[in-house]
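Enquirer:
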Amino acid sequence: MTGLFAYPKGAAFGRVVPKQQFYEHADISPKVRELFVREVKRITWAYKLAPETIGLPGSPAIPEIQVFAVDLKDLDLHDEVLGTIDRAVQFPIIFEVRRERAGMVEVRAVAAQKVLGSRTPKVSAYFTGDWQAQDTVRAPVPPAVNLAGLYAQLLSPLLPASVRPGEELSVTIDRMAAVRRFEQELAALEKRLRVEPQFNRKVELRRQIRDHTDELTNLMSATSPETEDTTWRN
């Protein structure tokens, strides 16, 4: 799945938001301000998914979901830009990032889990879908009984591994953070192995690489190792 959905027409908002509104009223570095200027052409508040627009009840954790379209000047966008926008808006956001390449307009969905409840929302790492042609057929908005459930289903296609049965979204996001950490550690171990001259250290590095590979397999599994063990024993 691409993470691109055909949002209801009744939820369309279509308001252009001046990008200066984000970096002039936020405590950001000159580097991030420059990224806004260099990379972002336009920011559009495209859809407002709220009780009054799509008929699903909200909650203090997910009162509304916003969809922002970000048109690029360049071919890609730094996460620092998205993070600045996310922290300035007190609602969860699904981003649709658009670029022009070789005369064609492409779009991809990008989002992080946002946890409200403080003056500055807590934002996870960003997850992205693949670049798609702008006229790609979009999936229908998934059915849900409330905005919290809808939010989880809008994020799920962007995650590198499946949500496990009965798993809370926050637990899935934590598991994805662990996946990234183990991938980085595994890459570092493999790099050390390539240059390590001593045999006994090579043996230890290979053992650590096997352990990290096994842990990654467990983290990426659609079921938890405990569930698999219980099923096997039964």
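Whatever position you read off the sequence shown (first residue = 1), add 902 for this note's numbering. Glycine is no exception: its CB is placed at the ideal position from the N, C-alpha and C atoms.
Which one of 1082, 924, 1034 and 967 has the shortest CA to CA distance from residue 1054?
Expert: Checked all of 1082, 924, 1034 and 967; the closest Cα to residue 1054 is 967.
Enquirer: Can you give me the C-alpha to C-alpha distance between residue 1041 and residue 960, rounded to a whole angstrom?
Expert: If I take the Cα positions, the gap works out to 23 Å.
Enquirer: Look at the Cβ atom of residue 1018, then the Cβ atom of residue 964, and state whether they are nearer than 9 Å.
Expert: The answer is yes: Cβ separation under 9 Å.
Enquirer: According to DSSP, residue 1100 sits in a beta bridge with which residue or residues?
Expert: According to DSSP, which records beta bridges pairwise, residue 1100 is partnered with nothing at all.
Enquirer: Have a look at 946, 983 and 1012 and flag the residue whose alpha-carbon is nearest the alpha-carbon of residue 935.
Expert: Closest by alpha carbon: 983.
Enquirer: Could you say which of 1117, 957 and 947 lies nearest to residue 973 if we only look at CA atoms?
Expert: Among 1117, 957 and 947, the Cα nearest to that of residue 973 is on 947.
Enquirer: Can you name the start and end residues of the alpha helix (DSSP H) that residue 950 belongs to?
Expert: Run containing residue 950: none in the alpha helix (DSSP H); it sits in the beta strand (DSSP E), 942 to 951.
Enquirer: Leaving out the 5 sequence neighbours to the left and right, which residues in its chain are closer than 7 Å to residue 937 when beta-carbon positions are compared?
Expert: Excluding positions up to five away in sequence, the list reads 980, 982 and 983.
Enquirer: Taking its Cβ as the centre, do 16 or more other Cβ atoms sit within 10 Å of residue 1006, making it buried, or is it exposed?
Expert: Exposed, because fewer than 16 other Cβ atoms sit within 10 Å of the Cβ of residue 1006.
Enquirer: So does residue 982 have its beta carbon nearer than 8 Å to some heavy atom of the ligand MN?
Expert: Summarising the ligand content, the structure contains no ligands, and the ligand MN is consequently not present.
Enquirer: How far does the beta strand (DSSP E) with residue 1013 in it reach, from first residue to last?
Expert: It spans 1006 to 1013 - the beta strand (DSSP E) in which residue 1013 sits, taken as one unbroken run.
Enquirer: Here's the rule I'm using: 16 or more other beta-carbon atoms within 10 Å means buried, otherwise exposed. How should residue 909 be labelled?
Expert: Buried, because 16 or more other Cβ atoms sit within 10 Å of the Cβ of residue 909.
Enquirer: Using the Cα positions of residue 1082 and residue 978, report the straight-line distance between them to the nearest angstrom.
Expert: About 21 Å.
Enquirer: Bridge partners of residue 1016, per DSSP?
Expert: Per DSSP, 1025.
Enquirer: For residue 1117, which residues in the same chain have their Cβ closer than 6 Å to its Cβ, ignoring the five residues on either side in sequence?
Expert: Answer for residue 1117: 1084, listed in chain order.
Enquirer: Hey, quick one: how far does the beta strand (DSSP E) through residue 1003 stretch, first residue to last?
Expert: It spans 995 to 1003 - the beta strand (DSSP E) in which residue 1003 sits, taken as one unbroken run.
Enquirer: Between which two residues does the beta strand (DSSP E) carrying residue 1151 extend?
Expert: The question about residue 1151 has no answer here: the residues shown for the chain are numbered 903 through 1136.
Enquirer: Please state the DSSP three-state secondary structure of residue 1125.
Expert: In this structure, residue 1125 counts as coil in the three-state DSSP scheme.
Enquirer: Which residues in the same chain have their Cβ closer than 8 Å to the Cβ of residue 1107, if we skip the five residues on either side of it in sequence?
Expert: These residues qualify, in order along the chain: 1091, 1094, 1095 and 1098.
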